[in-house]
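In case it helps, this note's numbering puts the sequence shown at residues 10 to 115. Built from N, CA and C at the ideal position, the CB exists for glycine as well. It should be emphasised that the depicted structure is a prediction, and the values quoted were computed from it without experimental measurement. The block underneath contains the structure these notes are about, expressed in structure tokens.
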Amino acid sequence: MTNSRQKGKRGELELAKKLRQYGYSCRRGQQYSGANGDADVIGLPGIHIECKRVEKLNLQDAMNQAKRDKRDDEIPAVFHRKNNCEWLVTLTLDDFIKIYREWEDW
């Protein structure tokens with residue numbers, strides 16, 4: 010396994026563990042380049058997680074990958090983090106508003 014693939018795997022395991030700390034039953038998804046529709050990390054219903062644990066990230070490319078790999082009923086999201094930084098989540102504005110309105114009505 011190449012170093013970048015190992016780092017990707019470590020990032021996915023780290024993110025899954027972090028999400029479990031919030032009470033979600035998350036784990037790494039199948040790693041077949043999105044061919045089977047599995048996200049990098051699964052366990053957040055309705056969210057397709059593209060996990061990136063890199064210092065330099067082309068965010069648009071990552072979001073395009075999430076959009077391409079997601080299922081029809083999922084919202085694509087990029088979860089990303091640099092060394093010594095916190096996890097961040099990137100969504101499209103339309104998807105953010107959709108989630109925010111659901112929360113607002115809750």
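Which of helix, strand or coil does DSSP assign to L154? Outside the shown range of the chain (10 to 115) lies residue 154, about which nothing can therefore be said.
In or out: R37 buried (at least 16 other Cβ within 10 Å) or exposed? Result: buried.
In three-state DSSP terms, what is A71? DSSP, reduced to helix, strand and coil, places A71 within a helical segment of the structure shown.
Assuming K61 is part of the alpha helix (DSSP H), what are its boundary residues? K61 -> not in any alpha helix (DSSP H); beta strand (DSSP E) instead, spanning I56 to K61.
Determine the closest residue to T101 out of V63, E95, S34 and H57, with distance taken between C-alpha atoms. Answer by Cα proximity: H57.
So D49 and C60 are in contact, right, with Cβ under 8 Å, and what is the actual spacing, rounded? Contact flag correct, Cβ pair sits at about 4 Å.
Residue span of the alpha helix (DSSP H) that contains L102, given as start and end: That run of the alpha helix (DSSP H) goes L102 to D114.
Near P85, which residues of its chain fall below 6 Å by C-beta distance, leaving aside the five closest residues on each side in sequence? Around P85: H57, A75, K76 and K79.
Under the three-state reduction of DSSP, which class applies to R19: helix, strand or coil? R19: helix per DSSP, three-state reduction.
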